[in-house]
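**Q** Residue numbers (this note's numbering): 316 to 1118.
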């Protein structure tokens, strides 16, 4: 009989307090969805990428030899332990005309085992005079493409056909973004690719070999398991092939344009998923915990009655445990089911701006994250319920059947300031007293609002920090427009003559020689690969601004070597510590760093000629020219200028800064959408938090508010009485949230950075303003919703006897 009564009471309570039940359910669902969903984004991105690469049979390794690769050598490679299969391939770069525009294209032979293209229109080529064209090139089916050699080699020695006809348009898994890579002919940048049958090539040996690593398809791309497996086979190939045939170049997928970029973005989302959802979930758990605690405290009379009737502590507590369990489990299930689909899908979809060739978006459930989130939510709500029940059940039934006595009013600090206190009216005095009378509500509301405000500020701040990179790096720190690289063994006289020729170009504003090469810096067991840039004494100021990030103090290279900030942080460099500089062309050297310079993309070690000569006891050999064009020169003019320079046999290649900046802007565009999702989620949490806290506030003070109505207060006056407190608490919360958000932003920005990039450290004032205004907006919306609750308060409640 008792069990039937408690069961009825449980379902009656669910129906009677369905608003509270749904609010706890929703806030748990929101917290679990965000926690598990955002943490699922990284593995879902990796799985999506891996499925696309596996479906297209993307090679694991590409092997190149300067003299080509024969069929016999392919056979030897295939016998190496860990190699599942190896196939030869052909590839070469050519020039072509499309109207008046000159294009640089990479012609690659179709391979039946590797790098299968996706045909979007038409068909694959079947005859040696046919081709599949890159969709980026803008050709149509039936167009004829005339190819020209961009090097000293005649085209006929490489291809059997000088003109090919487009039979299909498509994409290749070797190019997952709009970037096509660099080349030593034409403009220095590839515009696209053409795929042709093997018979189109006239070469006697393969230009490269493709390798599939055994068991690599069982691993997920970008994971440690895959990278470790491929790296081991890569080492074995080098060890076994180099003694036979000299220098071999064995490259993995990271050599493909933007392959690593996709992995970096996945890792970046993983870093955000480690911190941002944890704070989000903490706020959600705090509010749901508060809701259950208040529910138990409000029903002390019912608990006392049941205890007096002979019900045991377990029977009484079971009602509240069941209530918390139902709300939390239902919310957790809904949160996992929705969150692990919605958030990863939106994030991957956002990144398709950068990677349009990627296949179907895959977002499988990662149950570990869901179980983790749901388990934590259960511990919080059930633990809070158990503690609240234990606290109430310690008392005698007679005590429980009487409402708790109101807290004694105490003088507050403002009452001691007579001038201020005497000028406040009754309602303001009541408001101020109530704020400090209900201290638990005060701190809970400030913490809840502050947490939500802080999360929104982090979302806006991350965007500020990432946007700042493009603006500062290429408009303030590195202001040159491109780098021209000389072929190896170019004489000093030829370099000097070419430099003078460049200075005569009407489009060129300034240009100077520089020595650029990769070196490795070591310190206390840590190492970083960086570009060593040896620059002329004064001219470098035309292209670089070497300065302190915080003070903006400019540095002079004549005073010694300057290292960029992120490299310094990775090495954990401290003043007066010397670094070990490892260089393939020279013996190891000890180097003292004089200054640390602001920089966001890549790692650079700057020094002038004098410092270099003192270090290596020889003059630097300049291998490049850094150039800046006039402001009136367009991108197309820069490209045409580069094409002219590349016709010189001494020029090996050119890289343009605007191409790097455009890729960075594309990344910022995709991240803006991701940050938008984070900000909207934080905003939704803010609304739910405010709603729950206001509901608790009104329920706790129902008798007080009913008394005000009896005393003659109109509905609007009663509402204003409550709103005034809410607005003040919201303002306190936003101030607290600004501090929380600033600290959390600094931690987050260091977490999401990759090893070769550094983001800005400042949050723009506009971001503080937007976060503040959104928090105020949600507070006002909640106040509007609460008006109807306040209007429904029954005045008879104030006349009921305590006895």
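Cβ coordinates follow ideal geometry from the N, Cα and C atoms, glycine included.
Using DSSP with H/G/I as helix, E/B as strand and the rest coil, what is residue 705?
**A** In this structure, residue 705 counts as helix in the three-state DSSP scheme.
**Q** Cutting at 8 Å between CB atoms, please list the residues of its own chain near residue 443, excluding the five before and the five after it.
**A** Counting only Cβ-Cβ distances below 8 Å, and skipping sequence neighbours, we find 475, 476, 511, 512, 514, 515.
**Q** What are the complete beta strand (DSSP E) segments, minimum 3 residues, inside the stretch 353-425?
**A** Listed in chain order, the complete beta strand (DSSP E) runs (minimum 3 residues) inside the stretch 353-425 are 376-379, 398-404, 406-413, 416-424.
**Q** Where does the unbroken alpha helix (DSSP H) through residue 964 begin, and where does it stop?
**A** Here residue 964 belongs to no alpha helix (DSSP H), and DSSP marks it neither H nor E.
**Q** Considering only the alpha carbon of each residue, which of 324, 813, 952, 1064 lies closest to residue 1123?
**A** The displayed coordinates of the chain run from 316 to 1118. Any statement about residue 1123 would go beyond what the structure contains.
**Q** What are the boundary residues of the beta strand (DSSP E) that residue 446 is part of?
**A** Residue 446 -> beta strand (DSSP E) spans 445-449.
**Q** To the nearest angstrom, how far is it from the Cα of residue 539 to the Cα of residue 1052?
**A** If I take the Cα positions, the gap works out to 38 Å.
**Q** Hey, how far is the Cα of residue 365 from the Cα of residue 431?
**A** Spanning the two alpha carbons is a distance of roughly 14 Å.
**Q** So, with DSSP's three-state summary, where would you put residue 538?
**A** Residue 538 falls in the coil class under three-state DSSP.
**Q** I'd like to check one pair, residue 490 with residue 573: are the Cβ atoms closer than 9 Å?
**A** Cβ atoms of residue 573 and residue 490: closer than 9 Å.
**Q** Among 1105, 1061, 991, whose alpha-carbon lies nearest the alpha-carbon of residue 1017?
**A** Nearest option by C-alpha distance: 1105.
**Q** Relative to the C-alpha of residue 333, which candidate in 1035, 1007, 1059, 1056 has its C-alpha closest?
**A** Among 1035, 1007, 1059, 1056, the Cα nearest to that of residue 333 belongs to 1007.
**Q** Short of 7 Å in beta carbon distance, which residues of its chain neighbour residue 322, apart from the five on each side in sequence? Order them along the chain.
**A** Around residue 322: no qualifying Cβ.
**Q** If we call anything under 9 Å between Cβ atoms a contact, is residue 1037 one with residue 1110?
**A** The answer is no: Cβ separation not under 9 Å.
**Q** Cα separation between residue 748 and residue 730?
**A** So the alpha carbons of these two residues sit roughly 9 Å apart.
**Q** Would residue 565 and residue 814 be called neighbours here (beta carbons separated by less than 9 Å)?
**A** Cβ atoms of residue 565 and residue 814: not closer than 9 Å.
**Q** Just checking, does the stretch 533-551 make contact with the stretch 443-455 on the three C-beta pairs under 8 Å criterion?
**A** They do not touch, by the three-pair rule.
**Q** Given this structure, state the Cα-to-Cα distance separating residue 885 from residue 912, to the nearest angstrom.
**A** Going by the C-alpha atoms only, they are around 14 Å apart.
**Q** Using the rule of at least 16 other Cβ atoms within 10 Å of the residue's Cβ for burial, across every protein chain shown, is residue 740 buried or exposed?
**A** Residue 740 should be labelled exposed.
**Q** How would you call residue 806, buried or exposed, if buried means at least 16 neighbouring beta carbons within 10 angstroms?
**A** Residue 806 is exposed by the Cβ-count criterion.
**Q** Could you tell me the alpha carbon to alpha carbon distance between residue 353 and residue 781, rounded to whole angstroms?
**A** Those two C-alpha atoms are separated by around 19 Å.
**Q** Take the Cβ of residue 973 as the centre, count every other Cβ of all protein chains shown within 10 Å, and call the residue buried at 16 or more, exposed below.
**A** Flag for residue 973 reads exposed.
**Q** Anyone know if the C-beta pair for residue 986 and residue 778 falls short of 9 Å?
**A** For residue 986 and residue 778, yes; Cβs fall inside 9 Å.
**Q** When you compare the CB positions of residue 401 and residue 524, do they come within less than 9 Å of one another, or not?
**A** Against a cut-off of 9 Å, the Cβ pair of residue 524 and residue 401 comes out as a contact.
**Q** Between residue 470 and the rest of its own chain, which residues show a CB-CB distance below 8 Å, the 5 nearest in sequence each way excluded?
**A** Around residue 470: 409, 462, 463, 464, 477.
**Q** Go ahead and label residue 940 buried or exposed: buried means 16 or more other beta carbons lie within 10 angstroms of its beta carbon, across all protein chains shown.
**A** With 16 or more other Cβ atoms within 10 Å, it is buried.
**Q** Sort out for me which residues DSSP pairs residue 968 with in a bridge.
**A** According to DSSP, which records beta bridges pairwise, residue 968 is partnered with 800.
**Q** I need the straight-line Cα distance from residue 1040 to residue 869, nearest angstrom please.
**A** Cα to Cα, the separation comes out at about 51 Å.
**Q** Suppose contacts are defined by Cβ-Cβ distances below 9 Å. Is residue 882 in contact with residue 346 by that definition?
**A** No. Outside cutoff.
**Q** Give the DSSP bridge partners of residue 911, in chain order.
**A** According to DSSP, residue 911 bridges with 878.
**Q** Within this structure, are the beta carbons of residue 1127 and residue 1002 separated by less than 9 Å?
**A** This structure leaves residue 1127 out entirely; the chain is present only between 316 and 1118.
**Q** Please name the residue, chosen from 509, 360, 551, that lies closest to residue 528 on a Cα-to-Cα basis.
**A** Nearest of 509, 360, 551 to residue 528, Cα basis: 551.
**Q** One question on the structure: do residue 1073 and residue 880 come within less than 9 Å of each other, judged by their Cβ atoms?
**A** Contact flag set, yes.
**Q** Roughly how many whole angstroms lie between the Cα atoms of residue 786 and residue 861?
**A** Approximately 16 Å, taken between the alpha carbons.
**Q** Between residue 901 and the rest of its own chain, which residues show a CB-CB distance below 7 Å, the 5 nearest in sequence each way excluded?
**A** Around residue 901: 931.
**Q** Over what stretch of residues does the beta strand (DSSP E) that includes residue 943 continue unbroken?
**A** Note, residue 943: beta strand (DSSP E), 939-944.
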